DNA sequence: ATGTATGCAAAACATTTGCACCTGG
DNA sequence: CCAGGTGCAAATGTTTTGCATACAT
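Chains as they are written, first to last, in my numbering: chain R, 63 to 204; chain C, 63 to 204.
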């Protein structure tokens, strides 16, 4: 449970940390901003400060509990680390995020890093496109 | 020349636009932030406002003259659009940016977009790693 | 001339930090 | 009890905007 995950990360189990981790585990939203987390907790009737949300998410990131992504917006989005690396494809109109894994791409990336004289650490591949979801404001555009 | 490129983009040819585009074309630095451009122009003795740099770079981006990247820092970097798509590999210690193109990856990306029900528009792949450059502060770390 | 572009200062954002108070172990 | 965590407000760094002035055509 969240309780154990926090302890394992070497962090004290406090109310804010527990609430945030539980929200990430239970929410249907996999990719959320700090503001999102803050708002969702307030709406759920919890008391929390936005600064704490940022601090906790950063600690979780350092501990490897969550991953931080930047996507080409002006803010960070966080997602629970489920242990399995994956990349993202995002609709530039509705912001819908889908995940995928592609072995061929993974292999090519290692190859390129080696050719360029880099030790590969982390990488992130994001494809931007227009999704065909009927709810997507996509249709307003050409 | 820069003159024509600006006109072709449907923009009036003004001194700030010309200075900025020339700087991008002539500078050895391919990936620069708005601040970088601002500072470089001031150092070159030109008069310009930071707000103008941001406005012009945004217009250039819209016009397709430059590309804006986010990389996992807190600011945007711009690069002249040389017409040839490419991806980036970045050292997380010294910030060195290398460019590459990989047909295999390009093909896989189209395939994935199709599978996920997206029309691929733009995409960006960034690999983060540690470079082996002797000047890289890399060596201070494990 | 005249609509657009610029520069400055102020605003807007997302995120971080200082500090007095509270809390978990 | 006490190191560490929290909330608030203020600071930060980047990017945007309002407005009076200056410029390109």
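Cβ coordinates follow ideal geometry from the N, Cα and C atoms, glycine included. No experiment lies behind these values; they were computed from the predicted model shown.
C-beta atoms of residue 115 (chain R) and residue 137 (chain R) nearer than 7 Å: Within the first chain, numbered from 1, the residue matching residue 115 (chain R) stands at position 53. Within the first chain, numbered from 1, the residue matching residue 137 (chain R) stands at position 75. No, Cβ-Cβ distance for residue 115 (chain R) and residue 137 (chain R) is not below 7 Å.
First and last residue of the uninterrupted alpha helix (DSSP H) at residue 172 (chain R): As a position in the first chain, residue 172 (chain R) is number 110, starting the count at 1. Residues 165-177.
Proximal residues to residue 87 (chain C) (C-beta, below 7 Å), its chain only, five neighbours per side dropped: As a working mapping, residue 87 (chain C) is identified with position 25 in the second chain. Correct list, in chain order: 64 and 142.
Segment contact, 8 Å Cβ cut-off, at least three pairs: the region 143-151 of chain C with the region 182-202 of chain C: yes
Selection of the region 180-199 of chain C by Cβ proximity to chain R, strictly under 7 Å: 180, 181, 182, 183, 184, 185, 186, 187, 188, 189, 190, 191, 192, 193 and 194
Candidates C:154, C:170, C:166 and C:82: closest to residue 127 (chain C) by CA position: The residue given as residue 127 (chain C) occupies position 65 in the second chain. Out of C:154, C:170, C:166 and C:82, C:82 has the C-alpha closest to the C-alpha of residue 127 (chain C).
According to DSSP, residues forming a beta bridge with residue 185 (chain R): By one-based count along the first chain, residue 185 (chain R) stands at place 123. DSSP lists C:189 as partners of residue 185 (chain R).
Candidates C:166, C:90, C:176 and C:199, of which the one nearest residue 193 (chain R) by Cα: Stepping through the first chain from its first residue, residue 193 (chain R) is reached at position 131. Minimum Cα distance to residue 193 (chain R) is reached at C:176.
Residues of the region 108-139 of chain C whose Cβ lies closer than 7 Å to any Cβ of chain R, in chain order: 132 and 134
Other residues of its chain near residue 183 (chain C): CB distance less than 6 Å, five sequence neighbours each side excluded: Along the second chain, read from residue 1 onward, the residue named residue 183 (chain C) stands at position 121. Same-chain partners within the cutoff: there are none.
9 Å Cβ cut-off: residues of chain R touching residue 96 (chain C): Numbered from its first residue, the second chain carries residue 96 (chain C) at position 34. Those within 9 Å of residue 96 (chain C) in chain R number zero; the least Cβ separation is about 14 Å.
Cβ distance (whole Å) where residue 195 (chain R) is taken to contact residue 158 (chain R) below 8 Å: In the first chain, residue 195 (chain R) corresponds to position 133, counting from 1. In the first chain, residue 158 (chain R) corresponds to position 96, counting from 1. That belief holds up - the Cβ atoms of residue 195 (chain R) and residue 158 (chain R) are roughly 6 Å apart, short of 8 Å.
Inter-residue Cα distance where the pair is residue 92 (chain R) and residue 111 (chain C): Residue mapping note: residue 92 (chain R) aligns to position 30 of the first chain, counting from 1. Residue mapping note: residue 111 (chain C) aligns to position 49 of the second chain, counting from 1. Those two C-alpha atoms are separated by around 41 Å.
For residue 107 (chain R), the nearest candidate out of R:78, R:73 and R:72 (CA to CA): In the first chain, the residue the question calls residue 107 (chain R) occupies position 45. Checked all of R:78, R:73 and R:72; the closest Cα to residue 107 (chain R) is R:78.
Pairwise C-alpha distance: residue 94 (chain C) and residue 74 (chain C): As a first step, residue 74 (chain C) is located in the second chain; it is residue number 12 there, counting from the start. As a first step, residue 94 (chain C) is located in the second chain; it is residue number 32 there, counting from the start. Those two C-alpha atoms are separated by around 23 Å.
Beta-carbon proximity check, residue 174 (chain C) vs residue 162 (chain R), cutoff 7 Å: Mapped onto the second chain, residue 174 (chain C) falls at position 112. Mapped onto the first chain, residue 162 (chain R) falls at position 100. A contact, by the Cβ cut-off of 7 Å.
Neighbour flag for residue 168 (chain R) against chain C, beta carbons, 7 Å: Stepping through the first chain from its first residue, residue 168 (chain R) is reached at position 106. No, its Cβ sits nowhere closer than 7 Å to a Cβ of chain C.
Cutoff 7 Å: residue 162 (chain C) Cβ touching any chain R Cβ: Position 100 of the second chain, counted from the first residue, corresponds to residue 162 (chain C). Output row for residue 162 (chain C): interface = yes.
Best match in C:76, C:181 and C:71 for proximity to residue 154 (chain R) [C-alpha to C-alpha]: Taking the first residue of the first chain as position 1, residue 154 (chain R) is located at position 92. Answer by Cα proximity: C:181.
Contact check, residue 71 (chain R) vs residue 125 (chain R), beta carbons under 7 Å: Position 9 of the first chain, counted from the first residue, corresponds to residue 71 (chain R). Position 63 of the first chain, counted from the first residue, corresponds to residue 125 (chain R). Yes, the Cβ-Cβ distance between residue 71 (chain R) and residue 125 (chain R) is below 7 Å.
Which residues DSSP lists as bridging residue 152 (chain C), in chain order: Translated into positions along the second chain, residue 152 (chain C) becomes position 90. Answer by DSSP bridge pairing, in chain order: C:159 and C:190.
DSSP-derived helix/strand/coil call for residue 101 (chain C): The residue given as residue 101 (chain C) occupies position 39 in the second chain. Helix at residue 101 (chain C).
Residue 171 (chain R) at chain C interface by Cβ criterion, 7 Å: One-based indexing of the first chain puts residue 171 (chain R) at position 109. It does; some Cβ of chain C falls within 7 Å.
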